[in-house]
Amino acid sequence: MAQLDTLDIIVLGVLLLGTVAYFTKGTYWGVAKDPYANSYANANGNKPGKTRNIVEKMDESGKNCVVFYGSQTGTAEDYASRLAKEGKSRFGLETMVADLEDYDYENLDTLPEDKIAMFVLATYGEGEPTDNAVDFYEFITGEDVSFSNAADPPLENLKFVAFGLGNNTYEHYNSMVRNVTKALEKLGAKRIGAAGEGDDGAGTMEEDFLAWKDPMWADLAEKMGLEEREAVYEPTFAITEKEGLTKDSPEVYLGEPNKMHLEGSAKGPFNAHNPYIAPIAESREIFTVKDRNCLHMEIDISKSNLSYQTGDHIAVWPTNAGKEVDRFLKVLGLKLKADSVISVKALDPTAKVPFPTPTTYDAIVRYHMEICAPVSRQFIATLAPFAPTEEAKAEMAKLGSDKDYFHEKISNKYYNIAQALHSISSEPWTAIPFSAFIEGVNKVQPRYYSISSSSLVQKTKISITAVVESLEVPGREDALKGVTTNYLLALKQKQHGDPHPDPHGLTYDITGPRNKYDGVHVPVHVRHSNFKLPSDPSKPIIMVGPGTGVAPFRGFVQERAAQAKAGENVGKTLLFFGCRKQTEDFLYSSEWEEYKEALGDKFSLITAFSREGPKKIYVQHRLQEHAKEVNELLLQKAYFYVCGDAANMAREVNTVLGKIMAEQRGIPESKAEEIVKGMRSANQYQTAMSYQHTADTSIHSRSTSNMYAPPHARVHRDSQGQAAMPGTQTDNSMNAMMAQFGGISMSGTNMAGAPGLGAAQLPLGGAQFYYNPVDNTFLAAPPMYSGQPLAATQPADSAYNSYAAPMSYYAQGAYPSYLPAMPYMPYTPSRVSAGYPELYKEVPGLENRRGSYSTNESAPGTPNYGSISQREQGTQIVAVDRSPFGSTPSPQQLPVQHAAQQAKPLPYKTIPINVDLDALLVQHPAIPPAVPAVFTPRESMRTLDQSLSNPIPGNRNVYIRGLHPDTDDETLAAYAARFGKVETSKAILDTSTGACKGFGFAKYFSLRDSELCIRGFYKLGYEVGFARVPHHAPHEVGKNTHYTQESFNSRLKAEGDEQSTNLYVSNLPKNMTESELGAIFMDYTVQSSRILRDNQNNSRGVGFARFDTREVCEEIIKKFHGQPIGEEGLLLQVRYADTPAQKDLKRITTERRQFRTNEYNVGAYGGPVDMLTLSPPVPSMPSPVGPRTGQIAAHFPSRASGSWKRRDNSSTGSVGGFKDLDRSVKVSSAESISKSKDM
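Counting in this note's numbering, the sequence shown runs from 4 upward without gaps.
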């Protein structure tokens, strides 16, 4: 036996400690978590770290009905909660509400027939799913959808009901519920009752829902054998008064959104879960009439990490008016208990308290409940049993059952819940449990406003333009006041020293909880929008924005004026603006003249004043009057924008636009309508809608432009014959290192005799080569670590104007998908996993998004990246498919004889940049040095020239690797914004920890800014470069048609054996024997059966059974799958056993994901022990004594153990400095998005 040296013993000790620490994690030690870090999180849903199998979740919690919701800002979630409550109270169903993004869907086929699934789905924008429903929608509507079993049809046991939320002002009305219903039925699911559709555009959403649900419940009761009972209220939350605490106790929340704000240590990143308390730098009135108010506000974000781009939205978190808070508490008999401290606890394991506790009644009502929103008829009916008198109870019953009566008495007056209850009875409503209001009143949502400034002109101040809502309603004793706009008006009044800052006696708590808003502050965060100027400023634009719909266009024109002053070529900028009278509400009238001076004849403002003449004139009339000019600009590919009233103006503008095209071009109107639709699809026609709803329940405006247009894969032709860097050594140190960390297969290393390579393919045995078509020779491929210096050790480019030609795209010779002179690791853009040819088909697909917030993690594409480069000597391109890893074309795409290989295009050149890069890097917030990628030696990192290589013309999407764990979307956006105008940015976060996985993306409007970003991050040691651009549509190369990459599920299915008769059986009782397993299938011929056992011969609860024919297997799956077995009544799971290829595919995918996370966990948190405790090791851990471990040091360079700076520029002393991060903070995958109502 070989003796162990000191290093071997040390490594063994480290691994032993790490293993012990991992398996005792949470038992003897752990990280203290703040359960209220997500103050605005969903009230229901899967808890982080729990199962993503919805069937398991329902079994664990004893549920037989799940209500899934796809919601953008709350309304669909509210309807889902109401359905769940009603199902439980009326029929005794054990219901749970589930966020679609909290669960996987491959196991929907295992939902037993005696359970029901409900889907409440909002449609967002032009027929798109809401953010939390994107993965589900793509999965369920995919052509190659596959489930955990092989039943045909797969969802034959699934029974479901569905309700959709839509808006008839959109072309694709309620497309989500329609498409999902169609897909489910196609897969064999059985719909119960009609699929309901609510129409927010017609203002009938609530009544549509009520009209749908009653017959639905009747159908469901009949189909499922349910018996209706007298509705009984069962609270979801327990309310306990805390006698020993007062509102002055430091642990009591008085409206603070989370613990950091409570402790006075609020810091970024600031987002929907952690709003920034921003100072208002300036506020002024811009109407000149006394009876109406319109505010212009400048919000200072200079001391935050917030950033924005022209066209984005700002979210303002409102405070309920003191007048309404007092009314609500008085009606409930809680006025004297307003400051009493209470604790709220969820009684249902699937529910979550929607605000932090302990807190007070006043704080809940003032900061967390939408108490000013119109009350629903269903909620009135729900509260009827708690009426203070029999007369009141009868009145509530009538209101709940008679739609017309309810409209007459309640909804036509826009009564909120307190007003409605008081109108029914002036007696205190003390019998209503406060938990009923926590469950039945929506959570406060932010109101979104189009930003009316240019980020190019004022980076640290955000302008908003808002009309203060006030509506006189017949039969109502007081005017209906907008919650947020009147709150902003009160802030403006205070800033200007008005002795009565609440102009309507609304008594807003302007100073905020514990006076933390004093000095005129407001909670905000920024939401990035797709409502953007074209990246090329020379493109003409046409804008239509009446009233405050002009807000984003002020930013657009402001930006173009600044560009013109800077000497840029600016295209025609045509603005149609409308208002009532020029002397009363002509917004920013003096500014337009200033912009005219800067832009000259490139800017035209066309006005429509509706109340200055005998006939009302609107913007659509002016548009028709300028038909010729509009059509000429559209023929020049002008971008067309509309912002304003969706119900009327936007529709009419759309109609007029089609008529203009038909008349001016002499084509049928049907053809013109097709052109308009094409413009929308191409993002040439963008709309930002606003709705005329009361009480600020809607946001000001909302971008509805298509988020993505189908990108085309383009490959740079470079036939200059530039030689690739040859190499002669292989580097086995990576395998040595990874052998110590979970047995992860290092398929990216260069290994002699790699799998799948025949000797006949290679001119020299064992070595790797690529084919050079220029001189018909094979060149030796460089090793993975080819001596390229780490970015941080490179001398800085003094002028930043070097030209860098990218590597040639050579045809594939000996090794598939291999691009020389690039560092390759598993699961990383621009890297190839060489040891597994079966993975060359694609990047891992849908399954890799399960642990991340990003919806494009496994395919970080560059949507709408534009056309061929417009710079001088622009690169020639050829539209061909790209390899699965975005590094090089595949063998089929570039055969040796392909003509594109012989072309001689001009070389790609980087853009000369003369910028003080050091000054940019230290701008607030300063970008910290990169987290070291400890498994990737410094010599393998790409050079600056290679990082700047951009083989895809028009690609402006930058991939950044080495981000700190506490980086999120807002932080990365702040880092990226200093280099130029950012179109989109995304930090990839881990759902289980909330920490950044170490990488992200930033896409710029300008290629110059993209290159500047690369240079900046490169200088700080980041691995950075242009991201790959996936293709999404079939296209031709030569005579062959190439299609979109397959999904993981389709690839998994493709690796299956259609002739297999081997079944995998799980959920077996632990005491079951092989003979008993065979006895289960005694009516069939069992060829063999076995139960998997551990080293102690204990059953693992799973086994295999082989039968004689495929037909028998299909019959067994259909008969036995989902049937209870044993004393515990576990449901038997039966499916075809995985083939070796399927097992490899699952294993390799897991390993690659593990590798990427672990590499940066080690870099950020310290050493191997920390890594093993942060994420579970792969079970197949080999002995650490095998390979020589002396090479480990090469993977922990000096920078990994020395001092480096955190984001706050304090020295950590070591890379372990991030251990103090609050890893309990979770970040929602989707911020609230503006909608006419909170959908």
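Glycine residues also receive a C-beta, built at the ideal position from the N, C-alpha and C atoms.
Lys262 and Ser346 do not touch by the CB rule: their CB atoms are close to 16 angstroms apart, not below 8 angstroms.
Sixteen is the threshold: when 16 or more other Cβ atoms of the shown chains lie within 10 Å of the Cβ of Met300, as they do, the residue is buried. By alpha-carbon distance to His371, the top candidate from Arg380, Ser379, Pro359, Ala421 is Pro359.
Assigned with DSSP and collapsed to three states, Phe166 falls in strand. With respect to the C-alpha of Gln422, the residue from Leu332, Ser455, Gly65 having the closest C-alpha is Leu332. DSSP places Phe556 outside any beta strand (DSSP E); the residue lies instead in the alpha helix (DSSP H), whose first and last residues are 554-568. Per DSSP, the beta-bridge partners of Ile544 are Thr576, Tyr642. Rounded to whole angstroms, Phe559 and Asp971 show a C-alpha spacing of 27 angstroms. Between Asn308 and Thr974 a beta carbon distance of about 5 angstroms is seen, short of the 8 angstroms cut, so the two are scored as contacting. The residue among Arg369, Glu233, Ile930, Ser286 with its C-alpha nearest the C-alpha of Tyr978 is Ile930. Contact annotation, Gly983 with Ser952: C-beta distance approximately 19 angstroms; criterion of less than 8 angstroms not satisfied. Here Lys1073 is exposed. Its C-beta has fewer than 16 other C-beta atoms within 10 Å. For Gln1090, the secondary structure class from DSSP, reduced to helix, strand or coil, is strand.
At the C-beta level, Gly314 and Phe534 come within 8 angstroms of one another.
When DSSP states are grouped into helix, strand and coil, Phe1008 belongs to the coil group. Bridge pairing for Cys375: absent [DSSP]. The count of Cβ pairs closer than 8 angstroms, one atom from the region 1009-1028 and one from the region 987-995, stays below three, leaving the stretches out of contact.
The residues Glu562, Ala565, in chain order, have a CB closer than 6 angstroms to that of Leu459 in the same chain once the five nearest residues on each side in sequence are set aside.
Under DSSP, Glu200 forms a beta bridge with Gly167. Between Lys326 and Phe240, the C-beta gap is not smaller than 8 angstroms, which leaves the two residues out of contact. Taking all protein chains in view, the Cβ of Met1085 is surrounded by fewer than 16 other Cβ atoms within 10 Å, so the residue is classified as exposed. When C-beta atoms of the region 519-536 are compared with those of the region 602-620, fewer than three pairs fall below 8 angstroms, so the two segments do not count as touching. Per DSSP, the unbroken alpha helix (DSSP H) holding Tyr598 starts and ends at 592-602. Distance from Glu254 to Pro361 at the Cβ level is roughly 7 angstroms; contact confirmed, criterion being Cβ atoms closer than 8 angstroms.
Gly325 carries a helical assignment under DSSP once its states are collapsed to helix, strand and coil.
Lys446 carries a strand assignment under DSSP once its states are collapsed to helix, strand and coil. Only exposed fits Ile670, as fewer than 16 other CB atoms lie within 10 angstroms of its CB. The C-beta distance from Thr1064 to Phe1110 rounds to 5 angstroms, short enough to fall under 8 angstroms. If you look at Val1068, you'll find it in the beta strand (DSSP E) that goes 1065-1069. Given a length threshold of 4 residues, each whole run of the alpha helix (DSSP H) inside the region 385-426 is given here in chain order: 393-404, 406-412. Contact holds between the region 469-487 and the region 410-418, because three or more Cβ pairs, one in each stretch, are under 8 angstroms apart.
The Cβ neighbour count for Lys293, taken over all protein chains shown within 10 Å, is under 16; the residue is labelled exposed. A Cβ-Cβ contact shorter than 8 angstroms links Phe643 with Ile545. Take the alpha-carbon of Thr353 and the one of Pro391: they are about 32 angstroms apart.
Counting C-beta atoms within 10 angstroms of its own C-beta, Ser456 has 16 or more neighbours from the protein chains shown and is therefore classed as buried. With a cut-off of 8 angstroms on Cβ pairs, the region 182-196 is not in contact with the region 56-68, counting fewer than three such pairs.
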